[in-house]
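Protein chains: 2
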Amino acid sequence: MTPSPPPAAAPPSGLPLRERKKLRTRHALIDTALRMFTERGFDGATLDELCDAVEVSKRTFFRTFASKEDVAMAPAEDMWRAFADRLAGRDLGGRPVAAELRAVLRETVAAMPDEGWEHRMLLSRRLAAATPSMDAHGLHFCNRTSARIVADLHRRLDVDPADPRPRLAIDLVVAAWHHALETWTAQEGGHTRGALAARLDAAFDALPGALSFAAPARADSPPPAESTG
Amino acid sequence: MTPSPPPAAAPPSGLPLRERKKLRTRHALIDTALRMFTERGFDGATLDELCDAVEVSKRTFFRTFASKEDVAMAPAEDMWRAFADRLAGRDLGGRPVAAELRAVLRETVAAMPDEGWEHRMLLSRRLAAATPSMDAHGLHFCNRTSARIVADLHRRLDVDPADPRPRLAIDLVVAAWHHALETWTAQEGGHTRGALAARLDAAFDALPGALSFAAPARADSPPPAESTG
DNA sequence: AGGTTTATGCCACTTAGTGGCAAAGTCGTC
DNA sequence: GACGACTTTGCCACTAAGTGGCATAAACCT
Chain A
1 MTPSPPPAAA PPSGLPLRER KKLRTRHALI DTALRMFTER GFDGATLDEL CDAVEVSKRT
61 FFRTFASKED VAMAPAEDMW RAFADRLAGR DLGGRPVAAE LRAVLRETVA AMPDEGWEHR
121 MLLSRRLAAA TPSMDAHGLH FCNRTSARIV ADLHRRLDVD PADPRPRLAI DLVVAAWHHA
181 LETWTAQEGG HTRGALAARL DAAFDALPGA LSFAAPARAD SPPPAESTG
Chain B
230 MTPSPPPAAA PPSGLPLRER KKLRTRHALI DTALRMFTER GFDGATLDEL CDAVEVSKRT
290 FFRTFASKED VAMAPAEDMW RAFADRLAGR DLGGRPVAAE LRAVLRETVA AMPDEGWEHR
350 MLLSRRLAAA TPSMDAHGLH FCNRTSARIV ADLHRRLDVD PADPRPRLAI DLVVAAWHHA
410 LETWTAQEGG HTRGALAARL DAAFDALPGA LSFAAPARAD SPPPAESTG
């Protein structure tokens with residue numbers, strides 16, 4: 001049986017009741033979705049069943065999430081949102097941008113306010129690996145967030161809009177992140193934020209090598225084929 | 230009015246009638262879909278309307294494509310398939326892998342057998358920019374193809390499966406490709422394969438700079454914010 | 001306490017997508 | 001060319017995600 005993550009933190013008590021109820025509903029939908037999808041597969045649990053279990057209408061579900069994939073990818077989307085927010089408050093002056101982006105992403109993971117975030121992320125990631133529509137949704141959200149961050153960077157750094165480097169910088173960091181997440185998900189146990197951050201660091205550090213490494217001169221080439229031209 | 234691309238090439242006459250009819254149907258669905266989606270938006274043209282226009286049943290549509298997004302993203306997917314095929318036949322020995330991947334991608338674009346491919350690619354890309362589900366589908370297909378290519382590379386290069394560099398190498402090339410495609414789509418006119426390839430080269434050449442460039446020391450930082458910790 | 005604003009649930013509906021099965025079309029052999 | 005075998009197609013019924021309208025309930029503010 002999948003161990004339960006810690007209950008989602010109670011919404012901050014400074015918020016009005018309405019806001020608190022919405023957050024509570026949101027968390028309940030995420031947790032129940034991840035549990036049900038894990039038990040039966042993404043397609044094996046319908047939204048009707050999910051809404052029955054949480055005791056909200058489907059109409060409310062769609063006021064909270066854009067789609068079925070949205071609820072299932074919530075841990076990753078929350079993280080990308082937090083990353084963009086943290087980056088917006090960051091002084092980037094004087095240091096390499098890609099390394100800064102990496103550092104901010106690292107801090108974001110460490111600071112995710114949801115106590116069980118890493119467990120939810122693990123469940124979500126495993127589901128996404130088996131569910132193309134989830135994976136696609138997550139990739140798109142990440143890509144969209146990256147594009148927004150780039151537009152912001154172009155403004156803040158007063159960089160020529162035609163300069164490809166800001167967009168490519170964030171793409172490099174995203175590539176490192178995805179590799180880290182993939183291998184972190186695949187490891188046996190020890191799914192901690194620290195472990196994820198360490199894998200991010202290792203992947204990021206491998207980027208220069210990824211650009212320059214050469215195949216062995218006598219690599220196992222495929223059998224000579226007819227001309228493919 | 231959107232200029233028509235050249236008609237899709239007639240299926241090779243060496244194939245049995247069945248195969249030829251299937252290819253003819255496939256091409257008709259792609260072209261009609263791109264035309265209708267461009268005229269009315271992706272969500273503005275239903276699959277019923279598309280199938281009526283091409284005179285096949287929806288059942289046949291779903292035997293040909295996995296989803297509505299699949300038909301709309303066909304130009305990109307065909308290209309990634311061709312890329313993976315070409316790469317499988319490539320001797321990679323002795324040269325930097327990332328540069329080889331770039332070169333193969335370049336050749337793939339130049340050699341796409343569909344005569345109007347670049348026009349179809351442009352239509353599809355413009356639609357995807359305005360249609361999240363299309364974009365997501367395309368990103369996922371690219372990601373899945375990359376994962377398959379990496380598994381193949383690990384085998385052919387006899388590289389440690391834990392080595393992150395093959396996966397990161399292809400991610401770098403994909404990042405360069407996406408940037409090239411984005412700016413090529415945005416340019417005014419001149420949407421040729423040569424122009425796309427040139428932009429791919431420029432983006433690829435910018436990758437080392439993307440890793441190392443630093444923000445100006447007194448960049449336009451956001452106003453001092455409260456602690457974001 | 002009461003008026004205003006916001007959130008919710010109910011309901012009807014559309015569209016993408018699925019699966020079964022009979023009929024039509026193609027293929028290969030004689 | 002005829003015929004039996006194999007493959008493809010279209011029809012049909014259906015499901016589930018997703019959409020929009022509207023009355024009611026709940027929360028908020030004075």
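So the protein sequences, as listed, match chains A and B. Heads up: the first sequence begins at 1 in my numbering, then just goes up one per residue. Heads up: the second sequence begins at 230 in my numbering, then just goes up one per residue. We treat Cβ as the ideally placed atom computed from N, Cα and C, and that holds for glycine.
Alpha carbon of residue i to alpha carbon of residue j, nearest angstrom
| i | j | result |
| --- | --- | --- |
| residue 15 of chain A | residue 346 of chain B | 54 Å |
| residue 3 of chain A | residue 73 of chain A | Reliability fails at residue 3 of chain A, whose pLDDT of 45 lies under 50, so the model's placement of it is uncertain and the value that follows must be treated cautiously. Cα-Cα distance, rounded: 19 Å. |
| residue 318 of chain B | residue 370 of chain B | 21 Å |
| residue 455 of chain B | residue 91 of chain A | Residue confidence for residue 455 of chain B is low, a pLDDT of 40 falling below 50, so the modelled location carries little weight; the figure read from the coordinates is stated next. Cα-Cα distance, rounded: 13 Å. |
| residue 438 of chain B | residue 246 of chain B | 53 Å |
| residue 94 of chain A | residue 207 of chain A | 21 Å |
| residue 416 of chain B | residue 32 of chain A | 46 Å |
| residue 238 of chain B | residue 334 of chain B | Residue confidence is low: residue 238 of chain B scores 47 on pLDDT, short of 50, so the model does not pin down where it sits. Its coordinate-derived value is still stated next. Going from the Cα of residue 238 of chain B to the Cα of residue 334 of chain B covers about 22 Å. |
| residue 475 of chain B | residue 107 of chain A | Residue 475 of chain B cannot be examined here, being either before or after the span of chain B that is shown, 230 to 458. |
| residue 361 of chain B | residue 80 of chain A | 17 Å |
| residue 170 of chain A | residue 154 of chain A | 12 Å |
| residue 19 of chain A | residue 49 of chain A | 25 Å |
| residue 287 of chain B | residue 30 of chain A | 34 Å |
| residue 65 of chain A | residue 54 of chain A | 14 Å |
| residue 354 of chain B | residue 78 of chain A | 28 Å |
| residue 313 of chain A | residue 440 of chain B | Chain A is shown only over 1 to 229; residue 313 of chain A falls outside these bounds and no answer can be derived. |
| residue 123 of chain A | residue 39 of chain A | 11 Å |
| residue 280 of chain B | residue 264 of chain B | 13 Å |
| residue 359 of chain B | residue 148 of chain A | 15 Å |
| residue 340 of chain B | residue 252 of chain B | 19 Å |
| residue 276 of chain B | residue 290 of chain B | 8 Å |
| residue 364 of chain B | residue 325 of chain B | 30 Å |
| residue 344 of chain B | residue 420 of chain B | 13 Å |
| residue 422 of chain B | residue 381 of chain B | 28 Å |
| residue 113 of chain A | residue 56 of chain A | 25 Å |
Residue nearest to residue i in terms of C-alpha spacing, selected from the options
| i | options | result |
| --- | --- | --- |
| residue 372 of chain B | B:388, B:396, B:276, B:391 | B:396 |
| residue 189 of chain A | A:105, A:42, A:79, A:119 | A:119 |
| residue 338 of chain B | B:299, B:430, B:434, B:445 | B:430 |
| residue 127 of chain A | A:57, A:76, A:41 | A:41 |
| residue 146 of chain A | B:340, B:277, B:404, B:279 | B:404 |
| residue 254 of chain B | B:265, B:292, B:277 | B:292 |
| residue 203 of chain A | A:55, A:50, A:103, A:44 | A:103 |
| residue 444 of chain B | A:130, A:199, A:215, A:159 | A:159 |
| residue 442 of chain B | A:52, A:100, A:124, A:23 | A:100 |
| residue 156 of chain A | B:422, B:276, B:446, B:343 | B:446 |
| residue 150 of chain A | A:135, A:115, A:87, A:56 | A:87 |
| residue 272 of chain B | B:289, B:297, B:290, B:285 | B:297 |
CB-CB length for residue i against residue j, believed under 8 Å
| i | j | result |
| --- | --- | --- |
| residue 177 of chain A | residue 195 of chain A | The pair is not a contact, with the Cβ atoms about 14 Å apart (cut-off 8 Å). |
| residue 393 of chain B | residue 179 of chain A | 5 Å |
| residue 401 of chain B | residue 327 of chain B | 6 Å |
| residue 139 of chain A | residue 368 of chain B | 4 Å |
| residue 137 of chain A | residue 70 of chain A | 7 Å |
| residue 76 of chain A | residue 121 of chain A | 7 Å |
| residue 184 of chain B | residue 266 of chain B | This structure leaves residue 184 of chain B out entirely; chain B is present only between 230 and 458. |
Residue i, enclosing alpha helix (DSSP H) - first and last residue
| i | result |
| --- | --- |
| residue 266 of chain B | 246 to 269 |
| residue 394 of chain B | 394 to 415 |
| residue 63 of chain A | 58 to 64 |
| residue 146 of chain A | 132 to 156 |
| residue 423 of chain B | 422 to 434 |
| residue 72 of chain A | 68 to 72 |
| residue 49 of chain A | 47 to 54 |
DSSP bridge partner residues for residue i (one or two, in chain order)
| i | result |
| --- | --- |
| residue 96 of chain A | B:443 |
The ligand MN heavy atom lying under 7 Å from the CB of residue i
| i | result |
| --- | --- |
| residue 130 of chain A | Although the ligand MN was asked about, the structure shown includes no ligands whatsoever. |
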